[in-house]
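K.L.:
My structure is below; once you've seen it, I'll send some questions.
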Amino acid sequence: MKQSSNVFVRILVPFCAGIWVLRVAHFTKLNLLLYISALSSLFLIFIFNYLYTSLKVYHHKQNIAILLYLFFFSIGGLSSLSHQELKYSNHFSRYKAEYFKIYIADEPQEKGGIIRFKARVTCAYEGIKKTRTAGLLMIALRLESSGSPVLNYGDVYLIPARYTSIPSPLNPGEFDSPEWLANQSIYHQAYLSSEELIPLKEQHGLPLIRFAIALRKLQVERYRKLIRDDDAFALAATLILGYRAALDTEILSAYSQTGTIHALSVSGMHVGIIYLILEAALSWMNRRTVLKWTKVILILTLIWFYTLLTGYPASALRSAIMLTMLILSKSLHRNTSSNHILAFSAFCLLRYDPFLLWDVGFQLSYMAVLGLVDLQPGIRRLLSFKSYWVQKGWEMISLSIAAQIFTFPFSIYYFHQFPVYFLLSNLFIALPVIALMYAGLAILIFHLYWLAVPFEWLITFMNSGLARIARLPYSTVQQIWLTKPELCLLCMLMIAILTGLQNKKKLYLFAALFILMLLQGLLAQEKITAQRQKKIILFSLNRNYAVAFILAEKAVLVTDLRPNNQAFKFHIQPALDQLRISSVICIPWNTRRKEREGYGLVIRDHQIRFRQFSILMVDSFFDHRRIRNRSLFDAIWIHGNPRVKVSELRKDIRFQKIWIDGTNYSDIVNKIQTDTLYFKSSTIVLKKITASLINLNQYKPIQN
């Protein structure tokens with residue numbers, strides 16, 4: 160590959176570095192420095208280019224390269240700063256206001272009786288004073304029994320200027336929604352009722368996006384009328400149109416555990432299929448030059464409109480840009496490398512939205528395509544078959560292996576699991592997904608409604624097949640939690656191995672061995688730490704309760720949640736997985752007597768003893784009762800709205816901490832907090848606060 164064809168591959172690294180550095184840096188006044196750096200670098204590059212011969216610049220190509228890298232580093236940094244709206248002087252959070260003027264910035268989504276949408280705040284009003292503002296706000300609108308307003312992209316409303324910051328995750332390992340929303344430039348949220356939305360007779364936003372969203376709604380409604388099964392409808396709307404329908408959790412789990420979750424989002428494969436359909440349908444236009452260019456314009460227009468129709472996710476945008484480059488280079492009879500096109504598409508997307516660099520879909524999409532471009536040809540050449548169909552099957556297998564290898568570090572880092580049967584499941588859905596794309600588009604475009612019945616059957620067949628694969632023994636390796644240093648080492652390890660094998664150099668393989676030893680050392684240290692741990696975790700839950708007593712890789716949870724409960728999976732399971740817990744026992748509060756050998760826990764007479772830590776379980780049993788013997792407890796756990804006074808408990812027993820779980824009413828909590836005003840620091844309310852962790856390896860129990 161010539162270096163000239165590698166220009167975007169080389170400038171992408173400093174450009175991404177500039178985005179990353181200026182995103183994580185806490186300096187607020189770097190704009191001027193970056194502008195000076197960019198302009199100075201560009202000026203010097205032009206001077207050297209103009210005086211290339213007289214100054215003999217060809218003897219100093221390395222200096223020119225450094226200037227170019229500095230220029231694109233500065234451009235990346237400026238792009239990053241321009242998208243950090245929270246630092247804008249006119250961000251809405253910097254103003255005291257009574258009302259905000261907003262417009263809906265994306266398609267509203269309904270789930271669980273609440274409509275959520277992004278809103279761009281354009282003005283702040285305080286009395287008669289009006290101020291232009293910037294910034295995005297996440298709005299949650301409660302559905303009313305009398306009906307809620309019809310909300311569409313671009314609609315303008317006046318709302319009360321009442322909002323809060325996005326709350327941080329309360330429990331260990333929980334999904335970090337503030338970080339996820341910050342990558343979309345959203346830092347605040349508002350909960351409103353429909354009466355608080357005052358519509359204005361204005362329209363904002365791009366008319367083309369408004370038209371695409373309205374058209375997609377019509378197509379989704381058409382699917383809804385034709386497809387009876389809710390799960391089949393949800394998958395069809397998601398697969399063909401990119402509509403974020405509510406898929407059943409079991410189906411989502413089946414796709415996730417089999418490594419086929421990519422099929423549930425509009426990706427490069429979908430855009431590629433659209434291109435193949437259009438190329439085949441318009442092949443007759445290749446006869447004349449005018450018709451040929453008309454075909455090119457028509458195909459590009461339809462590809463980009465489909466990308467817009469599906470909500471323009473990062474993977475679809477990447478594919479649309481790459482296809483645009485391929486189609487134009489083919490039409491102009493120019494050859495260009497796949498890596499160059501891939502880097503160019505990444506540069507364009509990151510210039511448009513630098514925060515895509517932290518988008519999981521963006522990362523996985525580009526890593527998968529990089530694997531297909533750089534690794535798949537080598538894997539394919541390893542085996543050759545005389546049979547046409549066997550060879551095609553092997554090519555599909557090589558595609559899946561290459562994509563899986565390159566996405567492996569990131570997929571286990573983000574999703575904490577690895578699908579063992581990814582080859583089987585991807586081969587199983589390969590043909591059905593293509594057939595579904597053709598049939599789904601035929602139903603919408605050509606109104607072939609008779610296809611709806613086999614279309615629905617094929618979706619149901621694919622769902623049930625993947626569910627069976629997911630139920631196979633050892634289908635998924637779970638509880639994989641990598642730290643960022645371990646992720647970096649794993650990526651370096653794979654790069655060293657693949658580079659060494661490709662170039663046949665032992666130095667890379669020795670480097671890979673050294674990196675592997677470092678990685679194994681970190682993993683071994685985590686394993687030893689897990690085997691020695693003795694901890695108590697007090698989970699923060701709104702209406703439930705959960706306290707985990709952890710000894711080595713075993714845990715007993717006193718909780719009213721079951722492991723198959725969604726709240727358990729979201730709030731509790733990630734913490735257990737992160738701590739490498741392999742055995743979990745759940746017991747309810749009303750367990751009167753329980754002793755778990757090997758778990759270190761004893762429950763008896765409203766008391767819990769875990770190693771050297773003792774807890775008194777206070778509930779309605781203690782109403783109008785007194786405790787004798789002046790016992791010692793490390794903590795008292797108040798549960799189920801008991802009518803007790805903490806001041807009286809302090810006379811009867813000695814304790815260090817008070818735990819108040821989420822089963823207690825707010826007035827009971829307030830009463831207890833008032834009662835403990837003089838020792839407020841010892842009270843922990845396990846609701847809407849960060850979960851508490853007690854490390855018994857460092858804990859000093861209460862003394863007589």
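All the letters of the sequence shown, read from the start, carry residue numbers 160 to 863 under our numbering. Glycine included, C-beta positions come from ideal geometry on N, C-alpha and C. All of these numbers come straight from a predicted model, not from anything done at the bench.
Confirm the yes/no value for this check: CB of L641, any heavy atom of the ligand MN, distance under 6 Å.
P.N.:
Here there are no bound small molecules, and the ligand MN is not part of this structure.
K.L.:
Taking L678 as the reference, give the member of L648, R279, E438, L237 with the closest Cα.
P.N.:
With distances taken between Cα atoms, L678 lies closest to L648.
K.L.:
Here's a check: name, in chain order, each residue in its chain whose Cβ is nearer than 7 Å to the Cβ of Q162, leaving out the five neighbours to either side.
P.N.:
At Q162, the pLDDT of 48 sits below 50, so the modelled position is not reliable; the number obtained from the coordinates is stated separately. Cβ within range, chain order: n/a, list empty.
K.L.:
On the DSSP letters alone, give me the boundaries of the alpha helix (DSSP H) that H499 sits inside.
P.N.:
Unbroken alpha helix (DSSP H) run through H499: 497 to 511.
K.L.:
Is it true that the region 219 to 234 meets the region 251 to 265, where meeting means three or more beta-carbon pairs spaced less than 8 Å apart?
P.N.:
As far as the Cβ criterion goes, the region 219 to 234 does not touch the region 251 to 265, which means the pair count is below three.
K.L.:
Just reading off the alpha helix (DSSP H) that Q679 is part of, what are its end residues?
P.N.:
Segment 665 to 691, the alpha helix (DSSP H) holding Q679.
K.L.:
Per the DSSP calculation, L716 is bridged to which residue(s)?
P.N.:
In the DSSP output, where bridge partners are listed per residue, L716 has A707, C745.
K.L.:
Tell me which residue opens and which closes the alpha helix (DSSP H) that F780 is part of.
P.N.:
That residue, F780, is in no alpha helix (DSSP H); it is neither H nor E in DSSP.
K.L.:
With C-beta atoms as the reference, is E554 less than 7 Å away from R540?
P.N.:
In this structure, R540 does not lie closer than 7 Å to E554 by Cβ.
K.L.:
Using 8 Å as the threshold, is the region 373 to 385 in touch with the region 448 to 458, meaning 3 or more CB pairs across them?
P.N.:
The region 373 to 385 vs the region 448 to 458: no contact.
K.L.:
Taking only three categories from DSSP, how would you classify F574?
P.N.:
Helix at F574.
K.L.:
Roughly how many whole angstroms lie between the Cα atoms of H765 and R702?
P.N.:
One C-alpha to the other measures close to 21 Å.
K.L.:
Report yes if the C-beta distance between I628 and S584 is below 7 Å; otherwise report no.
P.N.:
In contact: I628 and S584 (Cβ atoms closer than 7 Å).
K.L.:
Under three-state DSSP, which class holds E754?
P.N.:
Looking at E754 - three-state DSSP - the assignment turns out to be strand.
K.L.:
Roughly how many whole angstroms lie between the Cα atoms of A152 and E409?
P.N.:
Residue 152 lies beyond the stretch modelled for the chain, which goes from 160 to 863, so this question has no answer here.
K.L.:
Might you give, ordered along the chain, the residues of its own chain that have their beta carbon closer than 7 Å to the beta carbon of K810, omitting 5 neighbours on each side?
P.N.:
Here the set comprises nothing.
K.L.:
DSSP state of S163, grouped into three classes?
P.N.:
The predicted model places S163 with a pLDDT of 47, which falls under 50 and marks its position as unreliable; any figure quoted below should be read in that light. Correct three-state label for S163: helix.
K.L.:
Would you check if there are 3 or more beta carbon pairs closer than 8 Å linking the region 570 to 579 to the region 631 to 647?
P.N.:
With a cut-off of 8 Å, the region 631 to 647 and the region 570 to 579 count as touching, because enough Cβ pairs lie within range.
K.L.:
Please report the straight-line C-alpha distance between I368 and I263, rounded to a whole angstrom.
P.N.:
One C-alpha to the other measures close to 12 Å.
K.L.:
Leaving out five residues on either side along the sequence, give the residues of the same chain with a beta carbon under 7 Å from the beta carbon of M160.
P.N.:
Caution applies to M160, whose pLDDT of 40 falls short of 50 and renders its modelled position unreliable; the model cannot decide the point.
K.L.:
Exposed or buried, W463, counting other C-beta atoms within 10 Å across all chains shown (16 or more means buried)?
P.N.:
W463 is buried by the Cβ-count criterion.
K.L.:
Could you give the C-beta distance for V844 and I819, rounded to a whole number, given that I count them as a contact under 8 Å?
P.N.:
That belief holds up - the Cβ atoms of V844 and I819 are roughly 5 Å apart, short of 8 Å.
K.L.:
Examine the Cβ distances between the region 426 to 437 and the region 461 to 478 and report whether three or more of them are shorter than 8 Å.
P.N.:
The region 426 to 437 vs the region 461 to 478: in contact.
K.L.:
When we look at the beta-carbon of K859 and count the other beta-carbons within 10 Å, is it buried (16 or more) or exposed?
P.N.:
Looking at its Cβ environment, which holds fewer than 16 other Cβ atoms inside 10 Å, K859 is exposed.
K.L.:
Can you pull the DSSP bridge partners for W796?
P.N.:
W796 is bridged to M776, W818.
K.L.:
According to DSSP, is Q563 helix, strand or coil?
P.N.:
It is helical.
K.L.:
Kindly identify the DSSP beta-bridge partner or partners of A278.
P.N.:
A278 pairs with I263, L296.
K.L.:
How would you call Q661, buried or exposed, if buried means at least 16 neighbouring beta carbons within 10 angstroms?
P.N.:
The residue in question, Q661, is exposed, as its Cβ has fewer than 16 Cβ neighbours within 10 Å.
K.L.:
Can you list the alpha helix (DSSP H) stretches of 4 or more residues lying completely in the region 411 to 451, in chain order?
P.N.:
Complete alpha helix (DSSP H) runs here, min 4: 427 to 440.
K.L.:
Which full runs of the beta strand (DSSP E) of 3+ residues lie inside the region 305 to 356, going along the chain?
P.N.:
You should have 314 to 319, 345 to 351.
K.L.:
Identify, in the order they occur along the chain, each residue of the same chain with its Cβ nearer than 6 Å to the Cβ of F614, setting aside the five sequence neighbours on each side.
P.N.:
Taken in chain order, the residues that qualify are A598.
K.L.:
Is A502 near F232, with beta carbons less than 7 Å apart?
P.N.:
No; because the gap between Cβ atoms is not below 7 Å, this pair is not in contact.
K.L.:
Where does E554 sit, in a helix, a strand or coil, going by DSSP?
P.N.:
Note: E554 maps to helix in three-state DSSP.
K.L.:
Could you tell me the alpha carbon to alpha carbon distance between K694 and D736, rounded to whole angstroms?
P.N.:
Cα to Cα, K694 sits roughly 14 Å from D736.
K.L.:
Would you mind giving the Cβ-Cβ distance between P801 and F781, rounded to the nearest angstrom? I have them listed as a contact below 8 Å.
P.N.:
Yes, they are in contact, since the Cβ atoms of P801 and F781 sit about 6 Å apart, within 8 Å.
K.L.:
Less than 7 Å between the beta carbons of G294 and V280, yes or no?
P.N.:
Cβ atoms of G294 and V280: closer than 7 Å.
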